[in-house]
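If you read the sequence shown in numbering that gives the first Met the number 0, its first letter stands for residue 0, the second for the next number, and so on.
Contents: one structure, followed by commentary.
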Amino acid sequence: MASLALPALAAQAQCDRWQQRVKYTMQVELNDQDHRFSGTTELVYTNNSPDTLREVFFHLYYNAFRPGSEMDVRSRTIADPDERVGSRIAALGPHEVGEQEVIDLRQDGQLCRSVPMGTVLKVLLAKPLLPRKSTTFAYGFKGQVPVQIRRAGRNNAEKVAYSMAQWYPKLAEYDQRGWHAYPYVGREFHGVWGDFDVTLTMDSAYTIAATGVLQNPHEVGHGYPTGKKALKRPTGDRLKWRFVANNVHDFAWAADRDFVHTVDRVPGGPELHFFRKNDPELEPTWKELPGYMVRSFQHMDKHFGKYPWPQYSFVQGGDGGMEYPMLTLITGKRRLGSLVGVSVHESVHSWYYGVLASNEGRFPWMDEGFTEYASSEVMQELFPRAEDPHRSAFEGYGTLVRSGRHEPPSLHADHFITNRGYGATAYSFGEMFVHQLGAVVGEKELRAGLLRYYDVCRFKHPEPIDFERVMEKRSGIELDWYFDEWINTTRTLDYGIRTVLGTDGGTMVELERTEEQLMPVDVAVALRDGTTQHYHIPLSLQRGAKRPDSETFPFEVLAPWQWTDPTYAFRVPVALASIKSITIDPLGRTADMDRSDNTVELPADAAGFARP
Ligand SMILES: [Zn+2]
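Pasting the structure below:
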């Protein structure tokens with residue numbers, strides 16, 4: 000029976016680290032006169048780590064929206080401020096700032112001492128939390144919703160009343176790298192996996208959209224009830240809305256008096272909810288949006304893994320587009336292409352953030368890069384174009400390199416020197432990195448590997464090593480060099496053709512590597528008879544090469560390029576006179592920074608080629 004046990008063990012190797020668990024039960028009231036809210040929380044926290052914890056940390060994100068906060072100062076001192084923030088926080092008045100406070104926090108009934116630290120609260124536990132034990136925190140909280148500046152707030156530019164993201168005291172994540180009590184400086188998040196049961200009370204005129212599934216649709220109405228059951232609203236001018244979300248790592252919501260709420264369904268999949276302002280200008284584009292989003296979810300389900308929750312909501316709000324579990328806040332006054340584009344990107348985050356919850360601060364390229372990669376594929380499906388759907392990622396990365404603002408992609412998202420450098424790295428480099436891996440392992444293997452990655456790392460916090468190991472096992476290729484050097488350095492890639500010479504009935508081709516970054520090399524030899532021969536030169540470091548059936552075209556694998564050699568020569572068994580051209584990376588799948596030396600055209604009477 001031992002032979003049966005082995006594959007099961009091997010299948011668990013990725014993403015099988017311990018992870019903490021939370022269960023929030025919250026009761027919250029929002030007053031739309033003074034924009035203040037208060038609530039109570041019961042939070043069951045399970046310590047699955049091997050460590051005894053003597054303290055925990057909470058995020059109090061709304062405290063970022065106060066003059067002098069780390070977000071404020073960073074925004075006023077960075078070379079290229081986000082124009083949504085600029086110096087707006089410094090100018091906020093007492094009724095416009097954000098505020099978040101935890102009151103009377105008890106651990107299993109015993110009062111704990113807390114130390115406020117701006118957007119972070121340190122809590123000294125009343126008693127140590129032992130490995131594999133749970134404890135229950137009970138506390139009140141209150142705060143003020145800031146005017147909308149970044150991601151969350153009241154009265155956004157499109158007049159949505161409340162965009163409630165990063166709004167509740169949120170327990171920080173503790174994992175094998177320790178605590179992640181990041182201050183809220185500008186970039187994104189990392190949360191503890193768990194379940195949320197949230198009851199929101201506010202003026203009954205508001206329509207609420209939230210993470211999770213509404214538990215009492217027949218008591219609230221507002222477009223939620225389905226079937227024949229009659230609406231049974233309680234009397235009074237306030238309504239209670241209870242939302243439950245399981246297996247998520249955050250909870251966001253939005254509210255407006257003027258939301259139009261419609262529902263569609265992905266066949267065999269989730270309900271899609273749409274919330275937009277009742278504005279005739281929005282109607283034509285938002286009417287078309289559901290059809291595109293159904294197709295987007297279908298494409299993602301098929302090619303990247305099945306969406307696991309029963310519902311997803313597209314909500315007008317926020318300041319651009321931001322992903323939350325089971326929900327996105329997007330600005331809605333856009334032409335159709337832009338509205339579909341932002342909706343695709345944010346909902347695709349349900350895969351790369353929602354399900355594969357990589358630490359967005361620590362590994363921003365895993366969050367935005369994978370999302371951009373899959374979004375480009377979806378957009379190609381929705382709006383087919385002749386050009387490579389990932390081309391703009393290569394262009395963005397190239398612009399970054401040439402700008403001199405290129406920093407190692409392994410940096411924490413808040414620590415890039417410029418916003419532009421962060422953006423181009425997380426989005427363009429990240430997408431390029433995923434796509435370029437297809438040139439190493441083969442396009443078919445990349446796609447199969449992405450599905451495998453989803454299967455083994457779902458509802459976990461995957462790190463680069465998890466994706467690397469999935470792809471290594473899938474392809475049989477060692478990928479340390481790819482993940483180490485592309486992610487941790489700013490080295491660039493450039494290969495070129497150095498010489499082409501006729502030799503006893505065949506042709507010798509000599510290639511050279513002129514920059515430090517490493518990649519295997521694909522070479523296409525176009526013959527005068529109209530056919531093309533494809534060759535693949537793996538790196539010695541790979542200890543293997545992509546398999547013959549891993550690409551959509553046949554190719555021949557040559558001897559490995561010993562990686563310390565600056566040049567590499569191989570023989571093509573075709574006379575020089577029969578060759579029309581030779582091209583490195585014919586599909587444009589690598590970030591080769593100088594393509595001028597990638598192709599050699601050979602006139603019929605050419606005696607050969609030598610780069611001057
Ligand atoms: Zn994104």
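C-beta: ideal position from N, C-alpha, C; glycine also.
If you're wondering where the values come from, they're calculated on a predicted model, not measured in any experiment.
Could you say which of the options lies nearest to residue i if we only look at CA atoms?
i	options	result
residue 488	515, 498, 174 and 464	515
residue 541	565, 467 and 104	467
residue 305	274, 472, 244 and 350	350
residue 427	605, 250, 371 and 504	371
residue 345	598, 211, 323 and 197	323
residue 546	150, 474, 62 and 469	474
residue 376	352, 259 and 340	340
residue 361	312, 414, 321 and 330	414
residue 501	573, 517 and 192	573
residue 176	528, 512, 462 and 434	462
residue 579	565, 568 and 603	603
residue 470	454, 486 and 445	445
residue 52	605, 134, 569 and 576	134
residue 55	457, 42 and 584	42
residue 109	453, 124 and 95	124
residue 225	206, 70, 243 and 270	270
residue 583	401, 116 and 531	531
residue 277	315, 86, 567 and 397	315
residue 499	393, 569 and 401	569
residue 606	511, 84 and 506	506
residue 40	354, 136, 364 and 592	136
residue 260	284, 223, 268 and 247	223
Here's the rule: buried if 16 or more other CB atoms are within 10 angstroms of the residue's CB, otherwise exposed. What is residue i?
i	result
residue 229	exposed
residue 74	buried
residue 503	exposed
residue 601	buried
residue 368	buried
residue 410	buried
residue 9	With a pLDDT of 45 at residue 9, under the threshold of 50, the modelled position of that residue is not reliable, and no figure is offered here.
residue 555	exposed
residue 280	exposed
residue 422	buried
residue 252	buried
residue 378	buried
residue 296	buried
residue 331	buried
residue 145	buried
residue 156	exposed
residue 562	exposed
residue 94	exposed
residue 2	Caution is warranted here: a pLDDT of 45 is assigned to residue 2, below 50, making its placement in the model unreliable, and the coordinate value is therefore given only provisionally. Answer is exposed; the Cβ neighbour count stays below 16.
residue 165	buried
Write down the C-beta distance between residue i and residue j rounded to the nearest angstrom, noting that I regard them as a contact closer than 8 angstroms.
i	j	result
residue 215	residue 232	With a Cβ gap of about 10 angstroms, residue 215 and residue 232 do not count as contacting.
residue 122	residue 113	5 angstroms
residue 44	residue 170	7 angstroms
residue 204	residue 256	5 angstroms
residue 536	residue 557	5 angstroms
residue 238	residue 219	5 angstroms
residue 313	residue 288	7 angstroms
residue 407	residue 354	At roughly 27 angstroms, the Cβ-Cβ gap does not stay under 8 angstroms, so residue 407 and residue 354 are not in contact.
Just list the residues that DSSP pairs residue i with in beta bridges.
i	result
residue 567	510
residue 30	35
residue 260	274
residue 213	242
residue 535	521 and 556
residue 583	522
residue 338	In the DSSP output, where bridge partners are listed per residue, residue 338 has none listed.
residue 57	120 and 170
residue 613	Absent from the structure is residue 613, since the part of the chain shown begins at 0 and ends at 611.
residue 133	45
residue 153	146 and 161
residue 528	Residue 528 pairs with nothing; no bridge assigned.
residue 311	271
residue 206	255
residue 653	As displayed, the chain neither begins before 0 nor continues past 611, which places residue 653 out of reach and without an answer.
residue 194	22
The region 335-345 contacting the region 154-166, beta-carbon criterion three pairs below 8 angstroms: Proximity of the region 335-345 to the region 154-166 falls short of the contact definition, fewer than three beta-carbon pairs being nearer than 8 angstroms.
Sufficient close CB pairs (3 or more, under 8 angstroms) joining the region 15-25 to the region 103-121: Three or more Cβ pairs closer than 8 angstroms define a contact, and the region 15-25 falls short of that threshold against the region 103-121.
Segment contact flag, the region 468-486 with the region 534-548, C-beta cutoff 8 angstroms, min 3 pairs: Enough Cβ pairs lie closer than 8 angstroms, so yes.
At least three beta-carbon pairs within less than 8 angstroms, the region 141-160 to the region 94-102: The region 141-160 vs the region 94-102: in contact.
Segment contact, 8 angstroms Cβ cut-off, at least three pairs: the region 431-449 with the region 507-527: Touching, yes.
Three or more C-beta pairs below 8 angstroms linking the region 286-298 and the region 186-206: Because the criterion of three Cβ pairs below 8 angstroms is not met, the region 286-298 and the region 186-206 do not touch.
Three CB pairs or more closer than 8 angstroms across the region 124-132 and the region 27-46: These segments touch.
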